[in-house]
Amino acid sequence: MMPELPEIEHYRRQLGQWILDLPIQRVKLNHAHSTDVEPEEFAAALEARSLLFLERRGTFLIFHLDNGHRLLIALAKDGALYCGEQDEQPPFVSQAEIGFGERTLYIAGKGSVLRLMTVRGLDEVLKTLGPDPFSRQATPEYFVSQLKKRRGALRSILTGQKLVAGIGPRYADEIAFAAGLLPSVKTQELNGESAARLYEALEEVLKAAIDGGGCITVPLNADDAVTGGYLSQCRVFEREGQPCTEDGAPVQKMDVAGKKAYYCPQCQHEQTPVFS
């Protein structure tokens, strides 16, 4: 699966406990296309640097280095991280390896990207994204007003990275289900109550997924029993034909702008239902 906001935020929180303030001692690129410079140049630029701070923007994991530069990691489909002791081997073929003291961070996923960037260069990349769902900018008022300005299906708007950043197909479907809205509903046609409920559902689902460890089933290390814990809690995504967790109706699949979307025909509607 493509890692989305909850998976990357889970990684950020866990890695922050293990590799902050440690010098980078080893760098190995196993796939030359993982970065945009020669592997030797990339390694030389990172070795002896320390990690001061870990940030996430959307689905980007950003390492703040002690020389003021940034290392951006963008995981590809089927991308994953593993941070083990030196003698541990990851349960995948790694694209890159970064050694921090006694730990090594392994990065998987063909097409996963690592970029060394200046602050200005990073800003140029991030300015194309909408606000983070948990940022000060992403208030209920912002969310509702922006929904009214955008034309398109709910699922397309949620995954477009312009309204908010970091949501992909899995959590778009789960958010729509939690809000009681069809993935195909036109956002400009949502009433105020439905838009407000959608904002609440977005926060509820993302927070629960982060706390649950996301949906990537590859552990972060040999002792990890948390990563991937939210997978069993997904209610509709890729559950076609299985009973809805709320009413038992079979989960169905529809096409939304050429993409598969999963929903419950009993629980989800054009507007959020109001119960007296």
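Reading the sequence shown from the start, the letters are residues 1 to 276 in the UniProt record's numbering.
C-beta: ideal position from N, C-alpha, C; glycine also.
Query raised in the report: Which residue spans inside the region 115 to 148 form an unbroken alpha helix (DSSP H) run of at least 4?
Result: The region 115 to 148 contains these whole alpha helix (DSSP H) runs: 119 to 126.
Query raised in the report: Would the beta-carbon of Arg-170 fall within 8 Å of that of Phe-237?
Result: Here residue 170 refers to the residue found at position 170 when the sequence shown is read from its first residue. Here residue 237 refers to the residue found at position 237 when the sequence shown is read from its first residue. Against a cut-off of 8 Å, the Cβ pair of Phe-237 and Arg-170 comes out as a contact.
**Report entry** Opening and closing residue of the beta strand (DSSP E) in which Glu-55 lies
**Finding:** The residue given as residue 55 occupies position 55 in the sequence shown. From DSSP, the beta strand (DSSP E) with Glu-55 extends over 51 to 57.
Report task. Express the C-alpha separation of Gly-180 and Phe-275 in angstroms, rounding to a whole number. Result -> The count along the sequence shown starts at 1 and reaches residue 275 at position 275. The count along the sequence shown starts at 1 and reaches residue 180 at position 180. Caution applies to Phe-275, whose pLDDT of 42 falls short of 50 and renders its modelled position unreliable; the model cannot decide the point.
Query raised in the report: Tell me, which residues are paired with Gln-252 by DSSP?
Result: In the sequence shown, residue 252 corresponds to position 252, counting from 1. Note: Gln-252 sits in a beta bridge opposite Tyr-263.
Query - Residues bridged to Arg-13 [DSSP beta-bridge criterion] - result: Within the sequence shown, the letter at position 13 stands for residue 13. None, per the DSSP bridge assignment.
Requested in this report: Could you tell me if Leu-61 is buried or exposed, where buried requires 16 or more neighbouring beta carbons within 10 angstroms of its beta carbon?
Outcome: Along the sequence shown, one-based indexing puts residue 61 at 61. Leu-61 counts as buried, since no fewer than 16 other beta carbons sit within 10 angstroms of its beta carbon.
Query raised in the report: Are at least three pairs of beta-carbons, each pair with one atom in the region 206 to 226 and one in the region 79 to 94, less than 8 Å apart?
Result: Touching, yes, given that three or more Cβ pairs across the two stretches are closer than 8 Å.
Query - Limits of the unbroken alpha helix (DSSP H) element including Lys-162 - result: The residue given as residue 162 occupies position 162 in the sequence shown. No alpha helix (DSSP H) contains Lys-162, which DSSP labels as neither H nor E.
**Report entry** Contacts around Glu-240, its chain only, beta-carbon distance under 7 Å, and the 5 residues preceding and following it disregarded
**Finding:** As a working mapping, residue 240 is identified with position 240 in the sequence shown. Counting only Cβ-Cβ distances below 7 Å, and skipping sequence neighbours, we find Val-251, Gln-252, Lys-253 and Tyr-262.
**Report entry** Contact check, His-31 vs Gln-95, beta carbons under 8 Å
**Finding:** If you number the sequence shown from 1, residue 31 lands on position 31. If you number the sequence shown from 1, residue 95 lands on position 95. Yes, these two residues count as a Cβ contact at 8 Å.
Report task. State whether the region 154 to 168 contacts the region 115 to 133, with contact taken as three or more CB pairs (one from each stretch) at a distance under 8 Å. Result -> yes
Query raised in the report: Rounded to the nearest angstrom, how far is the Cβ of Thr-139 from that of Glu-193, given a contact under 8 Å?
Result: The sequence position of residue 139 within the sequence shown is 139, counting from 1. The sequence position of residue 193 within the sequence shown is 193, counting from 1. No, Thr-139 and Glu-193 are not in contact; Cβ-Cβ is about 17 Å, not under 8 Å.
Requested in this report: Tell whether a beta-carbon distance below 8 Å holds between Met-117 and Leu-54.
Outcome: Mapped onto the sequence shown, residue 117 falls at position 117. Mapped onto the sequence shown, residue 54 falls at position 54. The answer is no: Cβ separation not under 8 Å.
Query raised in the report: How about Glu-174 and Val-125: are their beta carbons less than 8 Å apart?
Result: Indexing the sequence shown from 1 puts residue 174 at position 174. Indexing the sequence shown from 1 puts residue 125 at position 125. Cβ atoms of Glu-174 and Val-125: not closer than 8 Å.
Requested in this report: Note the first and the last residue of the continuous alpha helix (DSSP H) segment covering Glu-204.
Outcome: Start at 1 with the first residue of the sequence shown, and residue 204 comes out as number 204. Segment 192 to 211, the alpha helix (DSSP H) holding Glu-204.
Query raised in the report: Quick one: is Pro-243 buried, meaning 16 or more other Cβ sit within 10 Å of its Cβ, or exposed?
Result: If you number the sequence shown from 1, residue 243 lands on position 243. The residue in question, Pro-243, is exposed, as its Cβ has fewer than 16 Cβ neighbours within 10 Å.
Query raised in the report: From Leu-114, His-269, Tyr-230 and Lys-186, pick the residue whose C-alpha is nearest to that of Leu-75; which is it?
Result: Counted from its first residue, the sequence shown places residue 75 at position 75. The shortest C-alpha separation from Leu-75 is found at Leu-114.
Requested in this report: Alpha carbon to alpha carbon, how far is Ser-112 from Pro-3? Give it in angstroms, no decimals.
Outcome: Within the sequence shown, the letter at position 3 stands for residue 3. Within the sequence shown, the letter at position 112 stands for residue 112. Going from the Cα of Pro-3 to the Cα of Ser-112 covers about 11 Å.
Report task. Provide the residue span of the beta strand (DSSP E) that contains Glu-102, from first to last. Result -> Translated into positions along the sequence shown, residue 102 becomes position 102. Where Glu-102 is concerned, there is no enclosing beta strand (DSSP E), given that its DSSP letter is neither H nor E.
Query raised in the report: Got a sec? Which residues, its chain only, sit under 7 Å from Gln-161 by beta carbon, not counting five neighbours each side?
Result: Here residue 161 corresponds to residue number 161 of the sequence shown, with the count starting at 1. The answer, listed in chain order, is Gly-58, Leu-129 and Gly-130.
Query - Among Ile-107, Leu-22 and Leu-105, nearest to Leu-65 - alpha-carbon criterion - result: Taking the sequence shown and counting its residues from 1, one reaches residue 65 at position 65. Ranking the options by Cα distance to Leu-65, first place goes to Leu-22.
**Report entry** Per DSSP, the bridge partner or partners of Phe-60
**Finding:** Taking the sequence shown and counting its residues from 1, the one referred to as residue 60 is at position 60. Residue pairing for Phe-60: DSSP places it in a beta bridge opposite Arg-57 and Ala-74.
Report task. Note down, in chain order, each residue of its chain lying with its Cβ closer than 6 Å to the Cβ of Ala-201, except the 5 sequence neighbours on either side. Result -> Taking the first residue of the sequence shown as 1, we reach residue 201 at position 201. Taking Ala-201 as the centre and dropping the five residues before and after it, the same chain places the C-beta of Ile-175, Ala-178 and Ala-179 closer than 6 Å to its C-beta, in chain order.
Requested in this report: Would you mind working out which of Ala-208, His-269 and Glu-97 sits nearest Arg-26, comparing C-alpha positions?
Outcome: Start at 1 with the first residue of the sequence shown, and residue 26 comes out as number 26. Of the candidates Ala-208, His-269 and Glu-97, the one whose C-alpha sits nearest the C-alpha of Arg-26 is Glu-97.
Query - For Val-216, three-class secondary structure by DSSP - result: Translated into positions along the sequence shown, residue 216 becomes position 216. The sequence shown places Ile at residue 216, rather than the Val named in the question. Coil.
Query raised in the report: CB-CB under 7 Å to Gln-146, same chain, minus the five flanking residues each way: which ones, in chain order?
Result: To locate residue 146, count along the sequence shown from 1; it is residue 146. Closer than 7 Å at the Cβ level, and outside the excluded window around Gln-146, lie Leu-163.
Report task. Tell me whether Glu-7 sits in a helix, a strand or coil according to DSSP, three-state version. Result -> On the sequence shown, residue 7 is found 7 positions in, with the first residue counted as 1. Glu-7: helix per DSSP, three-state reduction.
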